[in-house]
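Please read the structure below before turning to the comments.
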Amino acid sequence: MRNLLTLCLSFLLFFTLITPNYASELDASVLPYKKQLKDKILDGLIFAESKVTSTEASSSGKKTVNQELHFTIAGLHPKSCSYVLKKLSLYEDYNQFLDFVKTSEYDLFTGEIDFLISHTLLPYDMRLVFKLPRITQPGVYPFSFERGLLLNLKGNIHVINHKNRCLFYTKADWSGPHTGFPNLIFEFFSQALAKISMEKLFRISNTLSH
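Residue numbers (the working numbering): 1 to 210.
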């Protein structure tokens, strides 16, 4: 009986952690940008920004170098959220949507996405494994990287109904051991690849056929 109770509590905790916040009052005010940029985004601009910095620390005579990444991207899809999410929520099919996603898998129980990424902007092929609930309606969806190069990266995806269109805003932050990439290179490929991804996903989700 005790084991059954423990199991039930574990399941409850798990689903509480991965369940998004369905915020009906969510609106475009969530965008943190200045008015001029915000207006351009609401007029159709896709904006992505990465800021990467390095810090040095010494402990017991040993010097270590860490990096920090602060990332945002925002864009307004011309279709409604109920329409576009029918396709954009199919993470396991992203290898059909994006040519640089070579393999894509999604574990519905754990909420874990596994992408193998290969692109000329990247110095080598990368495997991205992170947890994200399946996005099926407007709300705030947390995600986190639990292994790999960006271990402990955490962020939120905001999906917002805006005048019968679907506004997406993502914010992510990471701090960890230096990746080996110079700050400017790290900024460039993370920002450029994210923008390319959103542009392509917006195009393919204008229709529901593959």
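The beta carbon of each residue, even a glycine, is placed where N, CA and C say it ideally should be.
The structure displayed is predicted, hence computed values, not measured ones.
With a 10 Å radius around its C-beta and 16 neighbouring C-beta atoms as the bar for buried, classify residue 194 as buried or exposed.
Looking up residue 194 in the sequence shown gives position 194. Label assigned to residue 194: buried.
Report the rounded CA-to-CA distance for residue 146 versus residue 153, giving the unit in angstroms.
Along the sequence shown, one-based indexing puts residue 146 at 146. Along the sequence shown, one-based indexing puts residue 153 at 153. Each residue's alpha carbon lies about 8 Å from the other.
Check whether the Cβ atoms of residue 172 and residue 148 sit closer than 7 Å, and answer yes or no.
Along the sequence shown, one-based indexing puts residue 172 at 172. Along the sequence shown, one-based indexing puts residue 148 at 148. Going by C-beta atoms, residue 172 is not nearer than 7 Å to residue 148.
Taking residue 84 as part of the alpha helix (DSSP H), name the residues at either end of that continuous run.
Counting from 1 along the sequence shown, the entry for residue 84 is found at position 84. Counting along the chain, the alpha helix (DSSP H) containing residue 84 begins and ends at 81 to 88.
To the nearest angstrom, report how far apart residue 64 and residue 179 are at their CA atoms.
In the sequence shown, counting from the first residue as 1, residue 64 sits at position 64. In the sequence shown, counting from the first residue as 1, residue 179 sits at position 179. The alpha-carbon atoms of residue 64 and residue 179 are separated by roughly 12 Å.
Report the option in 116, 159, 121 whose CA atom is closest to the CA atom of residue 134.
In the sequence shown, the residue the question calls residue 134 occupies position 134. Closest by alpha carbon: 159.
Member of 26, 207, 205, 197 whose CA lies at the smallest distance from the CA of residue 100:
What you label residue 100 is simply residue 100 of the sequence shown in a count that begins at 1. Here the closest residue by C-alpha is 197.
Whole-number beta carbon distance between residue 48 and residue 167, since they are thought to touch under 8 Å
In the sequence shown, the residue the question calls residue 167 occupies position 167. In the sequence shown, the residue the question calls residue 48 occupies position 48. The C-beta distance from residue 167 to residue 48 rounds to 15 Å, too long to meet the 8 Å contact threshold.
For a cutoff of 7 Å on Cβ pairs, would you count residue 135 as touching chain D?
Structure shown: chain D not included; a single protein chain is present.
Inter-residue Cα distance where the pair is residue 111 and residue 52
The sequence position of residue 111 within the sequence shown is 111, counting from 1. The sequence position of residue 52 within the sequence shown is 52, counting from 1. Going by the C-alpha atoms only, they are around 28 Å apart.
Measure the C-alpha to C-alpha separation of residue 108 and residue 88 and round it to an integer number of angstroms.
What you label residue 108 is simply residue 108 of the sequence shown in a count that begins at 1. What you label residue 88 is simply residue 88 of the sequence shown in a count that begins at 1. The straight-line gap from Cα to Cα measures roughly 15 Å.
Among 74, 45, 68, 57, nearest to residue 32 - alpha-carbon criterion:
By 1-based counting over the sequence shown, the position of residue 32 is 32. Among 74, 45, 68, 57, the Cα nearest to that of residue 32 is on 74.
Quick one: Cα of residue 188 to Cα of residue 83, how far?
Along the sequence shown, read from residue 1 onward, the residue named residue 188 stands at position 188. Along the sequence shown, read from residue 1 onward, the residue named residue 83 stands at position 83. Approximately 32 Å, taken between the alpha carbons.
Span of the alpha helix (DSSP H) holding residue 192?
Within the sequence shown, residue 192 is the residue found at index 192, counting from 1. Where residue 192 is concerned, the enclosing alpha helix (DSSP H) stretches over 183 to 204.
For residue 153, the three-state DSSP class (helix, strand or coil):
Numbered from 1 along the sequence shown, position 153 holds the residue referred to as residue 153. Coil.
If distances are taken between C-alpha atoms only, which option among 139, 36, 119, 66 comes closest to residue 177?
Taking the sequence shown and counting its residues from 1, one reaches residue 177 at position 177. Ranking 139, 36, 119, 66 by Cα distance to residue 177 puts 66 first.
Same chain, Cβ closer than 8 Å to residue 80, neighbours up to 5 away in sequence not counted
Translated into positions along the sequence shown, residue 80 becomes position 80. Cβ within range, chain order: 161, 164, 165, 166.
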